[in-house]
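Peer 1:
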Amino acid sequence: MKESLLDIVCCPVDKSELELEDAERDEGEVVDGRLVCTECGEAYPVEDGIPNLLPPDMREEA
Amino acid sequence: MGILEDKARARLFYKYLSKVYDTINPLVWNEQMRTEALEWFDPQPDDRILDVGAGTGFATEGLLEYVEEVYALDQSVHQMERAFQKFGRRGPVKYVRGDAERLPFAADAFDKTWSSGSIEYWPNPVAALRELRRVTKPGGTVLVVGPDEPHTGVFQRLADAIMLFYGTEEADEMFDAAGFVDVEHHVQQAKPGSPRAITTVARVPDADADVSGVAAATTESEPVDTAAD
Chain L
5 MKESLLDIVC CPVDKSELEL EDAERDEGEV VDGRLVCTEC GEAYPVEDGI
55 PNLLPPDMRE EA
Chain C
1394 MGILEDKARA RLFYKYLSKV YDTINPLVWN EQMRTEALEW FDPQPDDRIL
1444 DVGAGTGFAT EGLLEYVEEV YALDQSVHQM ERAFQKFGRR GPVKYVRGDA
1494 ERLPFAADAF DKTWSSGSIE YWPNPVAALR ELRRVTKPGG TVLVVGPDEP
1544 HTGVFQRLAD AIMLFYGTEE ADEMFDAAGF VDVEHHVQQA KPGSPRAITT
1594 VARVPDADAD VSGVAAATTE SEPVDTAAD
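First to last, the protein sequences are chains L and C. For the first sequence, our numbering begins at 5 and goes up steadily by one. For the second sequence, our numbering begins at 1394 and goes up steadily by one.
1) According to DSSP, is Thr1593 of chain C helix, strand or coil?
2) Does any residue of chain L have a CB that is nearer than 7 Å to the CB of Gly1484 of chain C?
3) Measure the Cβ-Cβ separation of Met5 of chain L and Val34 of chain L and say whether it is below 7 Å.
4) Is there a Cβ from chain C that is less than 7 Å from the Cβ of Glu43 of chain L?
5) If you drop the 5 nearest sequence neighbours on each side, which residues of the same chain put their C-beta closer than 6 Å to that of Leu1525 of chain C?
6) Return no unless some Cβ of chain L is closer than 7 Å to the Cβ of Pro1497 of chain C.
7) Answer yes or no: do Gly37 of chain L and Val50 of chain L have a C-beta to C-beta separation smaller than 7 Å?
8) According to DSSP, Trp1507 of chain C sits in a beta bridge with which residue or residues?
9) Is it right to say Ile12 of chain L is buried, meaning 16 or more other beta carbons lie within 10 angstroms of its own, or is it exposed?
10) Taking 7 Å as the threshold (C-beta atoms), are Ile1591 of chain C and Ala1571 of chain C in contact?
11) Cβ closer than 7 Å: which chain L residues qualify as neighbours of Tyr1488 of chain C?
12) Which value, in whole angstroms, describes the spacing of the CA atoms of Gly1441 of chain C and Ala1465 of chain C?
13) Shortest alpha-carbon distance to Glu1432 of chain C belongs to which of C:Ala1452, C:Phe1498 and C:Gly1491?
14) Let's test the definition: count the other Cβ atoms within 10 Å of the Cβ of Asp1435 of chain C and tell me whether it reaches 16, buried, or not, exposed.
15) Shortest alpha-carbon distance to Phe1503 of chain C belongs to which of C:Gly1533, C:Val1470 and C:Gln1478?
16) Do Leu1456 of chain C and Val1445 of chain C count as a contact pair if the criterion is CB distance below 7 Å?
17) Mind reading off the beta-carbon distance from Gly53 of chain L to Arg1482 of chain C? Whole number of angstroms is fine, and I expect it under 8 Å.
18) Grab me the residues of Ala27 of chain L's own chain with a C-beta within less than 6 Å of its C-beta, minus the 5 sequence neighbours each way, in chain order.
19) Is it buried or exposed, Lys1584 of chain C, if we count other Cβ atoms within 10 angstroms and call 16 or more buried?
20) Strictly by DSSP, which residues pair up with Glu25 of chain L?
21) Got a sec: which bits of the region 1446-1472 of chain C sit with their beta carbon under 9 Å from any beta carbon on chain L, in order along the chain?
22) According to DSSP, Val13 of chain L sits in a beta bridge with which residue or residues?
23) Mind checking Asp1569 of chain C: buried by the 16 CB within 10 Å criterion, or exposed?
24) Is there a C-beta anywhere in chain C that falls below 7 Å from the one on Glu7 of chain L?
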């Protein structure tokens, strides 16, 4: 994902803004890291460059 | 309507269905129908567009004939793998894994929102339609392709058992309940005898009118599912 995606993504649960943490970058792309909700603190993983913003109760099995 | 209460069951079912999906999909929704729907959707070059339930990227591919970038949301990374093969991982398609009923996008983030072949898997379609409205700018277009209610054979049994099919009246109810205006339905069919698709084009109200409470007042008979969003 591009870091600019942060402008439009939000927490799927409470719709608050997300902050990027522990980012690993490659040629301008975020390939690994966590998107952390500034309100509820839930951390959403960036997996192989794809942000996984499934709500926590759907994350494991989908 | 066979609305699923249980999302886990929906996902399990989807895993099985995805194996045959590309086989049955062309019967319901082919390139010619996509072209027609794209004309109704009318994407402009500068539009920021979201494709909800983008899956293998069939619609995304059509959208990319109009715009340079498309945001593609899907639950399943297995479905996305095929899109990666078509468009690359870092190309014109911006992938996000997420749930249609709880979209991970800010309000008014998109000029237009598209969803084809996905609504039949949403346990609560009205909740998801409200989310489509929320993330689309006022005045923006939302287009949803779903399966028309089948009347015979295996599709009818599937419909009764597990999937959501709907006619234009139910579609009207759902889009009204979700707060859309200027709602139009087009029934599309690949050829006589094929399963038909309903393509709905609707608009997000211009003003920031609060229409989310409309559903409760308008469901006299056979209420649509309006569980909390």
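Heads up, the beta-carbon is just placed ideally off N, CA and C, and yes, glycines get one too.
Peer 2: With the given structure in hand:
1) Of the three classes helix, strand and coil, the one that applies to Thr1593 of chain C here is strand, per DSSP.
2) With 7 Å as the cut-off, Gly1484 of chain C does not count as an interface residue toward chain L.
3) Yes, the Cβ-Cβ distance between Met5 of chain L and Val34 of chain L is below 7 Å.
4) Under the 7 Å criterion on CB atoms, Glu43 of chain L is classed as non-interfacial with respect to chain C.
5) Thr1506 and Val1535.
6) Interface flag for Pro1497 of chain C against chain L is set, since a Cβ pair is found closer than 7 Å.
7) The answer is yes: Cβ separation under 7 Å.
8) Bridge partners of Trp1507 of chain C: C:Asp1444 and C:Leu1536.
9) Ile12 of chain L should be labelled buried.
10) Taking 7 Å as the Cβ cut-off, Ala1571 of chain C and Ile1591 of chain C do not qualify as a contacting pair.
11) Chain-ordered, the chain L residues with CB closer than 7 Å to the CB of Tyr1488 of chain C read Ile54.
12) One point to set straight first is that residue 1441 of chain C is Arg, not Gly, in the sequence displayed. Cα to Cα, Arg1441 of chain C sits roughly 11 Å from Ala1465 of chain C.
13) If we check each option's Cα against that of Glu1432 of chain C, C:Ala1452 comes out closest.
14) Answer is exposed; the Cβ neighbour count stays below 16.
15) Of the candidates C:Gly1533, C:Val1470 and C:Gln1478, the one whose C-alpha sits nearest the C-alpha of Phe1503 of chain C is C:Gly1533.
16) Their beta carbons are not under 7 Å apart, which means Val1445 of chain C does not touch Leu1456 of chain C by this criterion.
17) That belief holds up - the Cβ atoms of Gly53 of chain L and Arg1482 of chain C are roughly 6 Å apart, short of 8 Å.
18) Within the same chain, Cβ atoms closer than 6 Å to the Cβ of Ala27 of chain L are found at Val34 and Gly37, the five residues on either side in sequence being excluded.
19) Classification of Lys1584 of chain C: exposed, given that the 10 Å Cβ count is below 16.
20) L:Arg38.
21) Per Cβ criterion, the list reads Tyr1464, Leu1466, Gln1468, Ser1469 and Val1470.
22) Bridge partners of Val13 of chain L according to DSSP: C:Phe1498.
23) By the neighbour-count rule (16 or more Cβ atoms within 10 Å), Asp1569 of chain C is buried.
24) With 7 Å as the cut-off, Glu7 of chain L does not count as an interface residue toward chain C.
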